[in-house]
Amino acid sequence: MADYTSLEQIRLQKIADLRAAGVEPYPTRAERTHTSAQAVAALDAVAKDSQVTEQISATLAGRIRATRPMGKLTFAHIEDGAGKIQLFLRVNELGPEKMEFFSKFFDIGDFIQASGTLMRTKTGEATLLVREYKMLAKAVSPLPAAKDETLEDGSVVRHAALEDPELRARRRYADLAVNPHIRENFRKRAAITKAIRAFLDANDFLEVETPILQPLYGGAAARPFTTHHNELNQDMYLRISFELYLKRLLVGNLERVYEIGRDFRNEGVSFKHNPEFTQLEFYAAYFDYQKVMELTEAMIGYVCDTVFGTREFAFDKDENTHYELDFSAPWQRIEMRQGILATSGIDIAEHPTAESLFQAIVTRHPDKKPDPHITRGKLIDFLLGEFLEPTLIQPTFLYDYPRDISPLAKPKPGDPLTVERFEGYVAGFELCNAFTELNDPLDQEQRFLDMQSDYRDDEEEKNPLDEDYLRAMRYGMPPNGGFGMGMERLTMLLTNNRTIREVMLFPALRKED
RNA sequence: GGGCGUGUAGCUCAAUGGCAGAGCAGCGGCCUUUUAAGCCGUUUGUUGAGGGUUCGAGCCCCUCCACGCUCACCA
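This is the structure in structure tokens:
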């Protein structure tokens, strides 16, 4: 049983007293004729200069966010899904009993239904002059009630707003209830997802759903979550990517497919990582990575235009780092080799082996400590992260990646160490990852085998060999380009949120106690 | 997993090793156009948990827990 605070015990007593007085604190039915915004609009539609307008009757419903009792009258603000509106309760309309009942039993956080006529106060604020009211749902726990102070210049200062990041994440319901800008983040996130769908649908992509529970995992270098199916008596994995299933569909003559859904990666948590996140992947037959770059520019541009009406976005990386991002096409394109050469002084083309590249790194940058046992591709990735990545602020396609860290990408013609792959970088972190997909079943099989030997057995991101995927590819897979992007990362960039937590409703946290 | 930091009332925050406080919220009273309404009065605490040092610990030490920043990890 819950431990109730003294504040909660008072409210529990109010619930008991309400029931004793024959008033149900959680009635089953509710009514409303106007949202707060509709009520304001209805009032705006009539003459604005009359003190008491022609009578517009309205029934509103919402949550009490503030009360200002002054003797025989009380002002209150209620909030509904459309915004806030003021209530005006006065003994003249309600009579002394209902006035007293309101002040005795209604608290901030309660849901109320109020009927009356719309009016303007002497300051001009649209207000419901209440003639009847009804408790819709009594709140037991007090909302962390912030107070908004409107200064003379019109700016709003919040006092005692719920800010503790842990409390806000654990009790997202309370966070959402009292912090309207948090609700707005998630409205924007939904609009972004919707725009992505609209764009891909309009470009003849078919939205599909592939297994989340998989007998094998693959398509990314990540450790999976493992679970078990009792009846089948076999271990299952939560997917770490959609890639291998979506590309099976290209074998089946579905030329353009996409999926938006959850991926699960059993790895660390950071400002840009959560164990489960929403991924977009699409695959298009007869595309190569150049065409995917162009489609990416168009897709992100479409999202910017339709959701935000601009392609320029402010992004505060941290308190002292402020970026103005421009998503206009074309994005900057940087070849991996040139980018690493420019930022680290090392030409990876001159070092075709891991040993040679390792020596070059420790010679030129003695302060850096790459793991001496990793592959050439991972050393290149090390250089990327250390030197190049932090410089990629404006939207940039970094292209042509090492083969050994890209087992599903197609080789660059004439360059056996390099594959046709790009990643989109914005504000110094990875937004998306794409390549010309490998469709040669014999090469693919060799890549799987190479990975078995390149990775130590205890490296948990070592992917198992997916025999059925190879079998699918042997039936013939059209040349195609594929793309993956974390939807939270895109949302972070477009809504100026520097942590993934702010764009996920329920980010992963350790359990309490 | 490592390093640094934070944890005090429902919320936001104070408190040289010396009586645990403020504003808001709450409760009682006054107040018929307020909007952080105002005025008077007043309550609220396992100071994250446990142990230690000390005459005395919110404060110093140790262990643990949660969160934050950061590093590692994350093709």
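Here the numbering used here runs 1019 ahead of the position in the first sequence, where the first position is 1.
Just so you know, even glycine gets a beta-carbon here, dropped at the ideal spot from N, CA and C.
- By the neighbour-count criterion, in which 16 or more other beta carbons inside 10 Å mark a residue as buried, Gly1501 falls on the buried side.
- Leaving aside the five residues that flank Leu1148 on each side, the residues in its chain whose CB is nearer than 6 Å to its CB run, in chain order, Phe1107, Gly1135, Thr1136 and Met1138.
- Taken through DSSP and simplified to helix, strand or coil, His1247 comes out as strand.
- For the 8 Å CB-CB criterion, Glu1295 and Asp1307 do not form a contact.
- Straight across, the Cα-Cα distance linking Arg1284 with Ile1259 is about 6 Å.
- Per DSSP, the beta bridge partners of His1096 are Ala1085 and Gln1105.
- Check the Cα spacing between Tyr1236 and each of Leu1263, Ile1097 and Thr1514: the tightest is with Leu1263.
- A Cβ-Cβ contact shorter than 8 Å links Leu1407 with Thr1362.
- Taking C-alpha positions only, Lys1103 is separated from Leu1170 by approximately 18 Å.
- Counting C-beta atoms within 10 angstroms of its own C-beta, Ile1083 has 16 or more neighbours from the protein chains shown and is therefore classed as buried.
- Glu1286 is not a Cβ neighbour of Arg1330, given a cutoff of 8 Å.
- Just so you know, the alpha carbons of Ser1025 and Ile1034 end up roughly 14 Å apart.
- DSSP lists no beta-bridge partner residue for Ala1241.
- Annotation: the continuous beta strand (DSSP E) that includes Ser1134 extends over Phe1130 to Arg1139.
- Looking at the backbone, the Cα of Glu1442 and that of Leu1417 are separated by about 5 Å.
- Uninterrupted alpha helix (DSSP H) stretches at least 4 residues long and entirely within the stretch 1119 to 1207 occur at 1184 to 1189 and 1191 to 1197, given in chain order.
- Between Tyr1152 and Phe1121, the C-beta spacing is below 8 Å.
- When the beta-carbon positions are compared, Leu1225 and Ala1145 stay at least 8 Å from each other.
- A distance of 8 Å or more separates the beta carbons of Val1059 and Ile1211.
- The residues Leu1489, Met1492 and Arg1493, in chain order, have a CB closer than 7 Å to that of Pro1460 in the same chain once the five nearest residues on each side in sequence are set aside.
- Under the three-state reduction of DSSP, Asn1111 is assigned to helix.
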